[in-house]
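Participant: What follows is a structure written as structure tokens; I'll ask about it next.
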């Protein structure tokens, strides 16, 4: 299957995501407008400031198109399943996709997320975390990271740190509270392309 990946291009680790995905597929674009979602198979909402990114998604109309594409709802039953968009939110992107106290949370994955739960920028850290679901260690970079406080019954926890979920999936949505794009590994990117 050919993958067409879009990275929401407003703030955050856009360039790092583009660089990582270009190692896996040539079809990677920066997304600024809702109509750009039409031909994508995968979309990444990068880290940054969740309020700023959320406000941009709403003002640009990307939020509504995103919700429709995640559901596969394009008004044509025959093609709706094929039209489903796989979406991955890293850090701030996870806050936007999940349920949080942010006015811009889209509530598209059944996880409750608390912003900046590890503290300030100075409290950022990096560590190896084994994921039994992925069968290997993940190099996880946490920068003012949120914490997933609660997951719904249909959410699969793919990785956790000290019994706290850090990588979760529900249907065609993936969220991570860490930044895989800031390492040389492509484990999570490969999982996203091949399994969602």
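In my numbering, the protein residues as written are 886 to 1081. C-beta atoms are modelled at their ideal positions from N, C-alpha and C, and glycine is treated no differently. As the structure is a computational prediction, the values presented were derived from the model and not from experiment.
With distances taken Cα to Cα, identify the nearest neighbour of residue 1082 among 896, 934 and 935.
Facilitator: Only positions 886 to 1081 of the chain appear in the structure, and residue 1082 is not among them; the question remains open.
Participant: By DSSP, does residue 927 sit in helix, in strand, or in coil?
Facilitator: Strand.
Participant: Closest by CA to residue 914, which one among 888, 983 and 987?
Facilitator: Checking every option, the nearest Cα to that of residue 914 belongs to 888.
Participant: According to DSSP, is residue 932 helix, strand or coil?
Facilitator: coil
Participant: Start and end of the alpha helix (DSSP H) containing residue 1066?
Facilitator: No alpha helix (DSSP H) holds residue 1066; DSSP gives it neither H nor E.
Participant: Within a Cβ cutoff of 6 Å, which residues of the same chain sit near residue 962, ignoring the five residues on either side of it in sequence?
Facilitator: In this predicted model, residue 962 has a pLDDT of only 40, less than 50, meaning its place in the structure is not dependable; the value taken from the coordinates is given anyway. Here the set comprises nothing.
Participant: Buried or exposed, going by whether 16 or more other CB atoms sit within 10 Å of the CB of residue 964?
Facilitator: Since pLDDT at residue 964 reaches only 45, below the 50 mark, its modelled position is unreliable, and the value read off the structure follows with that caveat. Per the 10 Å Cβ criterion, exposed.
Participant: For residue 920, does the count of other Cβ atoms within 10 angstroms reach 16, so buried, or fall short, so exposed?
Facilitator: exposed
Participant: Rounded to a whole number of angstroms, what is the C-alpha to C-alpha distance between residue 1013 and residue 1048?
Facilitator: 15 Å
Participant: Between the C-alpha atoms of residue 891 and residue 988, what's the straight-line distance to the nearest angstrom?
Facilitator: 24 Å
Participant: Quick one: residues in its chain with C-beta nearer than 7 Å to the C-beta of residue 950, no 5 flanking neighbours on either side, listed in chain order?
Facilitator: Cβ neighbours of residue 950 beyond the five flanking positions: 919 and 922.
Participant: Kindly indicate the opening and closing residues of the beta strand (DSSP E) around residue 913.
Facilitator: Element bounds for residue 913: 913–916.
Participant: If I'm right that residue 905 touches residue 938 with Cβ under 8 Å, what's the distance once you round it to whole angstroms?
Facilitator: The Cβ separation is near 19 Å, so there is no contact.
Participant: Is it buried or exposed, residue 908, if we count other Cβ atoms within 10 angstroms and call 16 or more buried?
Facilitator: exposed
Participant: What did DSSP end up calling residue 1043 once you bin it into helix, strand or coil?
Facilitator: strand
Participant: Around the C-beta of residue 1055, are 16 or more other C-beta atoms found within 10 angstroms, so that it is buried, or is it exposed?
Facilitator: Result: buried.
Participant: When you compare each of 1038, 1023 and 1046 to residue 1075 by their alpha carbons, which one comes out closest?
Facilitator: 1023
Participant: Under 8 Å between the Cβ atoms of residue 1057 and residue 1078?
Facilitator: no
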